[in-house]
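Residue numbers for the sequence shown, in the UniProt record's numbering: 1 to 333. Note that CB positions come from ideal geometry on N, CA and C, so glycine has one too. Below is one structure; the comments refer to it alone.
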Amino acid sequence: MRVHDLSAGGDVLARVHETARDAVRIHGLPDAEVTLINVSENATYRVDDPATGARSVLRVHRLGYHATPAILSELAWLGALREEAGVRTPRVLPAPDGSPVLTVPGVRPRDCVMFEFLPGAEPARERLVRDFERLGAITARMHRHARSWRPPAGFTRFHWDYDAALGAEARWGRWQDGLGMDPGARAILDRLAGTLRERLRRFGRGAGRYGLIHADLRLANLLVVDDGPPSVIDFDDCGFGWHLYDLAAALSFIEDDPQVPEMVASWVRGYRSVLDLPAEDEAEIWTLVMFRRLLLVAWIGTHTGVEIAAELGAGYTEGTCELAERYLSGPLG
Numbered sequence: 001m002r003v004h005d006l007s008a009g010g011d012v013l014a015r016v017h018e019t020a021r022d023a024v025r026i027h028g029l030p031d032a033e034v035t036l037i038n039v040s041e042n043a044t045y046r047v048d049d050p051a052t053g054a055r056s057v058l059r060v061h062r063l064g065y066h067a068t069p070a071i072l073s074e075l076a077w078l079g080a081l082r083e084e085a086g087v088r089t090p091r092v093l094p095a096p097d098g099s100p101v102l103t104v105p106g107v108r109p110r111d112c113v114m115f116e117f118l119p120g121a122e123p124a125r126e127r128l129v130r131d132f133e134r135l136g137a138i139t140a141r142m143h144r145h146a147r148s149w150r151p152p153a154g155f156t157r158f159h160w161d162y163d164a165a166l167g168a169e170a171r172w173g174r175w176q177d178g179l180g181m182d183p184g185a186r187a188i189l190d191r192l193a194g195t196l197r198e199r200l201r202r203f204g205r206g207a208g209r210y211g212l213i214h215a216d217l218r219l220a221n222l223l224v225v226d227d228g229p230p231s232v233i234d235f236d237d238c239g240f241g242w243h244l245y246d247l248a249a250a251l252s253f254i255e256d257d258p259q260v261p262e263m264v265a266s267w268v269r270g271y272r273s274v275l276d277l278p279a280e281d282e283a284e285i286w287t288l289v290m291f292r293r294l295l296l297v298a299w300i301g302t303h304t305g306v307e308i309a310a311e312l313g314a315g316y317t318e319g320t321c322e323l324a325e326r327y328l329s330g331p332l333g
């Protein structure tokens, strides 16, 4: 089981906080207040400069997840989307030497990135059906941009295919090690995994279905202000995957919400206002939703120190089994 370093306990987070303070000092903000926002794959901090009142966001990367060239690649696409596709993403605030990525020295050096602070809050649950149409359109704009974009030399991001997500080298750990995994749950989810593998194999990785995606467009990574389109943040997991995985990720942790069929229909309308979505692709939406759901079972098992993982716990595995039974016995949605 791969438990990442930021889930290891308070001592690690204390050292990460010191790294954050070092990074802020190197950025020329020695008196800034550094406040932890959340811990997931990385630790994210709000940085408040009392001298100017300016606010920014600092991301301290976990060890061993992305090498520096991969982080630079992420930031290249994030910037291109803002400049070329009109998608609101946070600007990178470079280090004093001009580099987008600051490597803070230490016994175990860590990469850090400073971003501008974007206003807004994650979409409200009572507005999700309406907001998912806007999200579908923005997602399509991102996919359209990625299809024609020429990445810079050295561009490197990982894949979110079956092997990388659920195979022998599963990036977030094995789903079999999820919380509450009794023999009954394992049997149901083993059937699900086999079905997903076969359906995704048949679905294929053609250019119209698979490419560079955000890969974590869950609600926490969207910022809405009034009735404007959402800003998109946290491209840390962007990589190559099925386009419909971006919809599946948007439904993370709420896959069993009664509004989901309406949210999916709304997203599809928005997507089709920008790009074509063939009926045979639409038919596999729930395949990708269940693919993401099973991946999150593994994620919760290896991220028990993360607040949302601890909150969902074994109940998420149980709910996944219920959804899997419905998916395996007929269409969902």
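Does the distance from the CB of residue i to the CB of residue j come in under 7 angstroms?
i              : j             : result
proline 123    : valine 225    : no
arginine 159   : glycine 239   : What sits at residue 159 in the sequence shown is histidine, not arginine. In this structure, glycine 239 lies closer than 7 angstroms to histidine 159 by Cβ.
methionine 114 : serine 73     : no
leucine 213    : aspartate 246 : Sequence inspection shows isoleucine at residue 213; the leucine mentioned does not correspond to that position. Going by C-beta atoms, isoleucine 213 is nearer than 7 angstroms to aspartate 246.
alanine 215    : glycine 241   : yes
glutamate 83   : arginine 62   : no
arginine 110   : threonine 52  : no
On the CB-based measure, 16 or more other CB atoms within 10 Å of its CB, does residue i come out buried or exposed?
i             : result
valine 60     : buried
alanine 324   : buried
arginine 293  : buried
arginine 108  : exposed
serine 252    : buried
isoleucine 37 : exposed
glutamate 255 : buried
alanine 207   : exposed
aspartate 131 : buried
Under three-state DSSP, which class holds residue i?
i              : result
leucine 212    : strand
leucine 328    : helix
glutamate 322  : helix
tryptophan 149 : coil
arginine 144   : helix
aspartate 236  : coil
valine 24      : helix
alanine 124    : coil
aspartate 11   : helix
leucine 29     : coil
Complete runs of the beta strand (DSSP E) confined to the region 38-103 [at least 3 residues] = DSSP runs (the beta strand (DSSP E)) wholly in the region 38-103: 43-48 and 55-60.
Stretch pair the region 300-308 + the region 166-183: three plus CB contacts closer than 8 angstroms = Contact holds: three or more Cβ-Cβ distances are below 8 angstroms.
Every unbroken beta strand (DSSP E) inside the region 245-312 [3 residues or more] = The DSSP assignment places no complete run of the beta strand (DSSP E) inside the region 245-312 (cut-off: 3 residues).
Contact between the region 265-282 and the region 138-155 (3+ Cβ pairs under 8 angstroms) = Yes: the two stretches touch, three or more of their Cβ pairs being nearer than 8 angstroms.
Taking three-plus beta-carbon pairs below 8 angstroms as touching, is the region 162-171 in contact with the region 132-142?
-> Look at the beta carbons and you see the region 162-171 not touching the region 132-142: under three pairs across the two are nearer than 8 angstroms.
Which runs of the alpha helix (DSSP H), 4 residues or longer, sit entirely within the region 155-221?
-> Segments of the alpha helix (DSSP H) lying fully in the region 155-221: 162-166 and 183-203.
The region 181-200 touching the region 311-325, judged by at least three CB pairs closer than 8 angstroms | Cβ pair count under 8 angstroms is three or more, so yes.
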